[in-house]
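The structure appears below as structure tokens.
Protein chains: 2
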Amino acid sequence: MVTIKDVAKLAGVSPSTVSRALSGKVPVDGETKKKVMEAVEALNYKPNVLAKGLKEGRTNTIGLVLPNIQNPIFPYVARGVEDVARQNGYTVILCNTDESKDIELDYINKLKNRWVDGFIFATAVRDATHILDLKDEGVPVVLLVRNIDNKVDAVIIDNFKAAYEGTCYLIELGYKSIAFINGNPELSLYRERLAGYKSALKENNIPIDDRLIVQNVEKMEEAYNVTSALLDGGIMPDAIFAASDPKAYGAMGALRDKNINIPNDIALMGFDDLDTSKYMNPSLTSISQPCYKMGTAAMLRLIELIEGKDVKPKVDTFDAHIVKRDSTKRNE
Amino acid sequence: MVTIKDVAKLAGVSPSTVSRALSGKVPVDGETKKKVMEAVEALNYKPNVLAKGLKEGRTNTIGLVLPNIQNPIFPYVARGVEDVARQNGYTVILCNTDESKDIELDYINKLKNRWVDGFIFATAVRDATHILDLKDEGVPVVLLVRNIDNKVDAVIIDNFKAAYEGTCYLIELGYKSIAFINGNPELSLYRERLAGYKSALKENNIPIDDRLIVQNVEKMEEAYNVTSALLDGGIMPDAIFAASDPKAYGAMGALRDKNINIPNDIALMGFDDLDTSKYMNPSLTSISQPCYKMGTAAMLRLIELIEGKDVKPKVDTFDAHIVKRDSTKRNE
DNA sequence: CTGAAAGCGCTTACAG
DNA sequence: CTGAAAGCGCTTACAG
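As they're listed, the protein sequences go chains A and B. Numbering follows the working numbering, in which position 263 of the first sequence is assigned residue number 283; successive positions increment by one, without gaps. Numbering follows the working numbering, in which position 299 of the second sequence is assigned residue number 319; successive positions increment by one, without gaps.
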């Protein structure tokens, strides 16, 4: 491997000078700089990032901790993070934790020591003391998609508002018996979506029927099963609001297999607006969450924190909006 | 930050001994070891990975280079890679390149120098000299999903065979005019799928109609558009074989909007068997590719290469199989 | 503007 | 089995 010493020798200067010429942080004679650059070019010298990191105490690397990249919103989030990272000379370490605090702690312990300049967490569950501890130790941390409280920087949407507006939209269309298929209530985002749904019903004087609310549904298959079970139990809502698009897809499958027409028999609305939703049959009404954008915002914020700018925590709330499609269309 | 010196001081031994006690590679007195471990515990010491890496010339980190994590097969691939990586003490750097050779080279240059012990590439296009060069320099490299030739280790499926069998299945069902929506022919996997399709037609004495073959379709929206255009052009196949599930989804949208019934008017088959395909309306017949499994295999192989075991290149070919669903069902 | 020296935190031959 | 020393490849005060 070619080192700074090799460059120095070829350029006829000291390693210190090579380092300075390359960093640009310190004045170097024009002629000297030129010789150095030529030597760098000739030898195809790339500085050893480990040595640099060891000396400087930073690595230009961040840890992106998320539950599971297979959950379809996370690729978008991850891509946003990575694009901004790359543009700013950062590198991203991908950490899937399956919501396991142990795996999360493993990663934190592994990456904390000089490995990583900061963390983005999209994993915050209720018991997030380890994340708060990390922040207290002075490690730059940004939360993404999932919030804890307002003591840590976060990039999120207003889940309450989005679900509230979604529910109001269904009510405006004339749907009155609206089922709600929710995710894990340990996650504040799902608690908030449920609260938004309930609030919209209340405001429109529609009684809340607990039999219409199913919690803790994560995978498509579970959504398929709970939807089937709901209908088998003799409960026939006129609309279903699924708290994520994959849950809506599962519900769609169940309705398909029971020959229940969407939207004529039961309308369906999702949450996420995944790419596929537009091409479903019927096309799925959903609430669009700017995942990619949020990923970029989180990374930009993390860079600010790493650079010590504006360290007072702030929560950046993005807008979600309803994308109206055929799965909620009212027959005229 | 607590260093090996702090531990040494507390345990009353030299840093060398702490290092030895921790590595386990060298005999250390039982009593001494115990003292060291207690000090490590008490101080919550974690070795600095940069210093270790600088000294040892390895980092237990690998680069996973893929076109775009938003392409739905890659989250599964990435998860497979990461799971095996974590189980073996490795860490994964995520690199999205959008098929750009420049970005790929950027990443290679950045990660090559001591940063990373090896690479997994799922990006190989025709002009992959930079990957071959990397391998020639002695850097451990495994190709995933996309192959170049047999000079580099690879984990793939037999795309020719899979597409051949898929096409035969459609022919057996009685479909005779089968359109083929293909991806970028720069990628060998798409060339092979097309060849498999053609070969099946030939063997069954069905003439190849170039008007039924659309190349270079990547996104769902493009698939939607080319399918619409095909039908608008007055061409009415009785089946469509899409070379990936997202392309099938786009086609499904187009058929939906033209009120063409699947499978009665036109049957549809995809390739990938994404989670969502089962829940489409109608459920989508597809060819299942074991993406997660392939990711794990690639990482296991890369670890072998890093450890210098069995360095003779080998190509590991996984089985793909048809998942039969309603989108190709023949009316009885 | 430039060089020699120290040091980042480890590991590992070298002695003993 | 254990310690002192050297060195991995950089950067940056310290002198000049």
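For every residue, glycine included, the Cβ atom is placed at its ideal position computed from N, Cα and C.
Practice item. Helix, strand or coil for A:Ser308, going by three-state DSSP, please let me know. Key: Of the three classes helix, strand and coil, the one that applies to A:Ser308 here is strand, per DSSP.
Check your understanding: For the alpha helix (DSSP H) that B:Thr37 lies in, which residues bound it at each end?
Key -> Its alpha helix (DSSP H) spans residues 35-43.
**Study point:** Host beta strand (DSSP E) of A:Asn116 (start-end)
**Key:** Its beta strand (DSSP E) spans residues 111-116.
Review point. Do B:Gly290 and B:Ser306 have their CB atoms nearer than 7 Å?
Key: Yes, they are a contact pair.
Check your understanding: What does B:Lys66 reach in chain A if we use C-beta pairs closer than 9 Å?
Key -> Under the 9 Å cutoff, chain A gives Asn129, Lys130, Lys132, Asn133.
Practice item. List the residues of chain A that B:Gly73 touches, going by C-beta distances under 8 Å, in chain order. Key: Residues of chain A passing the Cβ test: Leu70.
Review point. For B:Gly315, does the count of other Cβ atoms within 10 angstroms reach 16, so buried, or fall short, so exposed?
Key: Looking at its Cβ environment, which holds 16 or more other Cβ atoms inside 10 Å, B:Gly315 is buried.
Point to revise | For A:Ala259 and A:Gln195, believed in contact at Cβ under 8 Å, the rounded distance | key: Rather than Gln, the amino acid found at residue 195 of chain A in this sequence is Tyr. Contact flag correct, Cβ pair sits at about 4 Å.
Check your understanding: Anyone know if the C-beta pair for A:Met240 and A:Tyr217 falls short of 7 Å?
Key -> In this structure, the beta-carbon distance from A:Met240 to A:Tyr217 does not fall below 7 Å.
Check your understanding: Does the beta-carbon of B:Ala98 have 16 or more other beta-carbons within 10 angstroms, so that it is buried, or is it exposed?
Key -> Result: buried.
Review point. Can you find a C-beta in chain B that's less than 7 Å from the C-beta of A:Glu102?
Key: Chain B places a beta carbon closer than 7 Å to that of A:Glu102, counting this residue as a contact.
Practice item. Could you check what DSSP says for B:Gly253 in three-state terms: helix, strand or coil? Key: In this structure, B:Gly253 counts as coil in the three-state DSSP scheme.
**Study point:** Beta-carbon proximity check, B:Gly77 vs A:Leu70, cutoff 7 Å
**Key:** No, the Cβ-Cβ distance between B:Gly77 and A:Leu70 is not below 7 Å.
Review point. Between the C-alpha atoms of A:Asp295 and B:Val46, what's the straight-line distance to the nearest angstrom?
Key: Their backbone Cα atoms lie some 55 Å apart in a straight line.
Review point. Cβ atoms of A:Ala144 and A:Tyr184: under 7 Å apart, would you say?
Key: The answer is no: Cβ separation not under 7 Å.
Point to revise | A:Val234 in three-state terms, based on DSSP | key: In the structure shown, A:Val234 sits in a strand (DSSP, three-state: E or B).
Check your understanding: Shortest alpha-carbon distance to B:Thr187 belongs to which of B:Val27, B:Lys344, B:Ala271?
Key -> If we check each option's Cα against that of B:Thr187, B:Lys344 comes out closest.
Check your understanding: If you measure from the beta carbon of A:Val331 to each beta carbon in chain B, is any gap under 7 Å?
Key -> A:Val331 is outside the set of residues whose beta carbon lies under 7 Å from a beta carbon in chain B.
Point to revise | Contacts that A:Asn301 makes with chain B (C-beta to C-beta distance below 9 Å) | key: What A:Asn301 touches in chain B: Met272, Gly273, Leu275, Arg276, Ile282, Met300, Asn301, Pro302.
**Study point:** the stretch 320-328 of chain B in contact with the stretch 160-168 of chain B per 3-pair CB rule at 8 Å
**Key:** Two segments are said to touch when three or more pairs of C-beta atoms, one from each, lie closer than 8 Å; by this definition the stretch 320-328 of chain B touches the stretch 160-168 of chain B.
**Study point:** Residue interval of the alpha helix (DSSP H) (run including B:Val175)
**Key:** Unbroken run through B:Val175 is the beta strand (DSSP E), 173-177; no alpha helix (DSSP H).
Check your understanding: With burial defined as no fewer than 16 other Cβ atoms inside 10 Å of the residue's Cβ, what is the status of A:Arg166: buried or exposed?
Key -> Result: buried.
**Study point:** Neighbouring residues, chain A, relative to B:Asp295 (Cβ below 7 Å)
**Key:** For the C-beta of B:Asp295, the chain A residues within less than 7 Å are, from N- to C-terminus, Met240.
Check your understanding: Fully enclosed by the stretch 258-293 of chain B, which alpha helix (DSSP H) runs are 4 residues long or longer?
Key -> Counting only runs of 4 or more, we get 265-277.
Check your understanding: How about the stretch 170-184 of chain A and the stretch 324-339 of chain A: do they share at least three Cβ pairs that are nearer than 8 Å?
Key -> Result yes; three or more Cβ-Cβ pairs closer than 8 Å.
Check your understanding: B:Arg99 touches chain A at which residues, Cβ-Cβ below 8 Å?
Key -> Ordered by position in chain A, the residues that pass the 8 Å Cβ test against B:Arg99 are Asn88, Ile89, Gln90, Asn116.
Exercise for review: Measuring only between beta-carbons, confirm whether A:Tyr110 sits less than 7 Å from chain B.
Suggested key: Closer than 7 Å to the CB of A:Tyr110 there is not a single CB belonging to chain B.
**Study point:** Test: A:Ile151 CB closer than 7 Å to a CB of chain B
**Key:** Judged by the 7 Å Cβ criterion, A:Ile151 is not in contact with chain B.
Check your understanding: beta strand (DSSP E) containing B:Leu84: first to last residue?
Key -> First-last of the beta strand (DSSP E) with B:Leu84: 81-86.
Exercise for review: State the DSSP-derived secondary structure class of B:Leu154, mapped to helix, strand or coil.
Suggested key: In the displayed model, B:Leu154 falls within a helix according to three-state DSSP.
Exercise for review: Would you tell me roughly how many angstroms separate the C-alpha atoms of A:Thr149 and A:Leu125, rounded to the nearest one?
Suggested key: About 11 Å.
**Study point:** C-alpha distance - B:Asn91 paired with A:Pro35, whole-angstrom precision
**Key:** Those two C-alpha atoms are separated by around 45 Å.
Point to revise | Contact set between B:Met289 and chain A, taken where Cβ atoms lie within less than 7 Å | key: Chain A residues near B:Met289: none, gap ~16 Å exceeds 7 Å.
**Study point:** Contact set between the stretch 243-263 of chain A and chain B, restricted to residues whose Cβ is under 8 Å from the partner
**Key:** Contact annotation: in the stretch 243-263 of chain A, residues whose CB is within less than 8 Å of a CB in chain B are Tyr244.
Check your understanding: Is there at least one Cβ from chain B nearer than 7 Å to A:Ile326's Cβ?
Key -> False, the Cβ-Cβ gap to chain B never drops below 7 Å.
Check your understanding: Given a threshold of 16 other Cβ atoms within 10 Å of its Cβ, counted over all protein chains shown, does A:Arg213 qualify as buried or as exposed?
Key -> So A:Arg213 counts as buried.
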